[in-house]
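In my numbering, the protein residues as written are 153 to 435. Inspection log for the structure reproduced underneath, given as structure tokens.
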Ligand code: C2E
Ligand code: MG
Ligand code: MG
Ligand code: MG
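This is how it looks when you write it as structure tokens:
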């Protein structure tokens, strides 16, 4: 999966280096303004139980609403935010906004958990665990209804600071998930001792080829066994067809998210989905 992606990026890069550099400058200038002007939004994608279609939780995914009304996706600006040192500010905004929204939903009587993506670089910053503690205290969030998603690289090369922060966070009861599992470099030996609660199967093993069935059923099955053996919660990403959902269930994966159920959507539309309690799927 990685290879395909870097090839695509390479082609985009060589095609329009000039355009890309211009875009980067625009993004960098814009990021400062965006934070000051509150141009970011969180959209929410439901994580559902594959058998009942009940909503188990949501994942918060950031978007940037430009003054002209257009919407930028995280792929267009997260790396840049990392590069120019704004990822900490952005990360705090995301945590704060997600927890405020969760408080609101809990107050309306919905039971759900909130998953938040955290940049490895933000996690490494001094005091990250304090930020998490403060925000859950501020919004009176039950710690076990918040989960932080981190990619595998965090566990492999960020070393002791990150592990300390993760351990502190988990001591407080907040969950930790490995995102995009299977695309990075975790070794089996690490996996066993890592401070984690959940594995998220990367979507390239689920729906990469635009076909009906799982794109890599042997890998998904192996990850299911791994999660079972290690006693970890499991979520599949990128479910786009009924067939993929059925196969995952048969393999022993009972939670997932993907376009089959719902794309990430603004909070008011997510509230509507929560009112329905289950996600309706055509067919
Ligand atoms: P991720 O955390 O792995 O999030 C899943 C991505 O897959 C999201 O893209 C989601 O919209 C997309 N997706 C979900 N279901 C399907 C499906 O069925 N098919 C396909 N093709 N895609 C699906 P999005 O929102 O563009 O986010 C991309 C990545 O950006 C995220 O990957 C995450 O790594 C990062 N990201 C998003 N929000 C944040 C944030 O608030 N902070 C940080 N640090 N990173 C974020
Ligand atoms: Mg994620
Ligand atoms: Mg992912
Ligand atoms: Mg991803």
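Where a beta carbon is used, it is the ideal one built from N, C-alpha and C, also for glycine. Keep in mind it's a predicted model, so treat the numbers as computed, not measured.
Look at residue 331: its beta carbon is less than 6 Å from one of the heavy atoms in ligand 2.
Segment contact: the segment 385-404 against the segment 306-325, fewer than three CB-CB distances shorter than 8 Å; contact not assigned. Between residue 211 and residue 267 the beta-carbon gap is near 4 Å, inside 8 Å, which marks them as a contact. Membership of residue 393 in any alpha helix (DSSP H) is not indicated, and neither H nor E is assigned to it by DSSP. Closest option to residue 177, judged by alpha-carbon separation, among 241, 409, 236 and 413: 236.
In the DSSP assignment, residue 370 falls within the unbroken alpha helix (DSSP H) covering 369-382.
In the three-state scheme derived from DSSP, where H, G and I count as helix and E and B as strand, residue 415 is classed as coil.
When the beta-carbon positions are compared, residue 327 and residue 299 come within less than 7 Å of each other. Annotation for residue 333: the continuous beta strand (DSSP E) segment containing it runs 327-333. Within the segment 223-279, the complete alpha helix (DSSP H) segments of 4 residues or longer fall at 230-235, 239-259 and 272-276, listed in chain order.
Per DSSP, residue 337 has no beta-bridge partner at all. Residue 288 carries a helical assignment under DSSP once its states are collapsed to helix, strand and coil. Between residue 264 and the set 228, 201 and 230, the nearest pair of CA atoms involves 201. Using a 10 angstroms sphere on the CB of residue 402, the tally of other CB atoms stays under 16, which defines it as exposed. Judged by DSSP secondary structure, residue 175 falls within the alpha helix (DSSP H) whose first and last residues are 169-189. By the CB criterion at 7 Å, residue 259 and residue 301 fall outside the cutoff. As the crow flies, the alpha-carbon of residue 345 is around 40 Å from that of residue 420.
A residue is called buried when at least 16 other Cβ atoms come within 10 angstroms of its Cβ; residue 375 meets this threshold and is buried.
About 22 Å separates the beta carbon of residue 333 from that of residue 312, a gap too long to meet the 8 Å contact definition.
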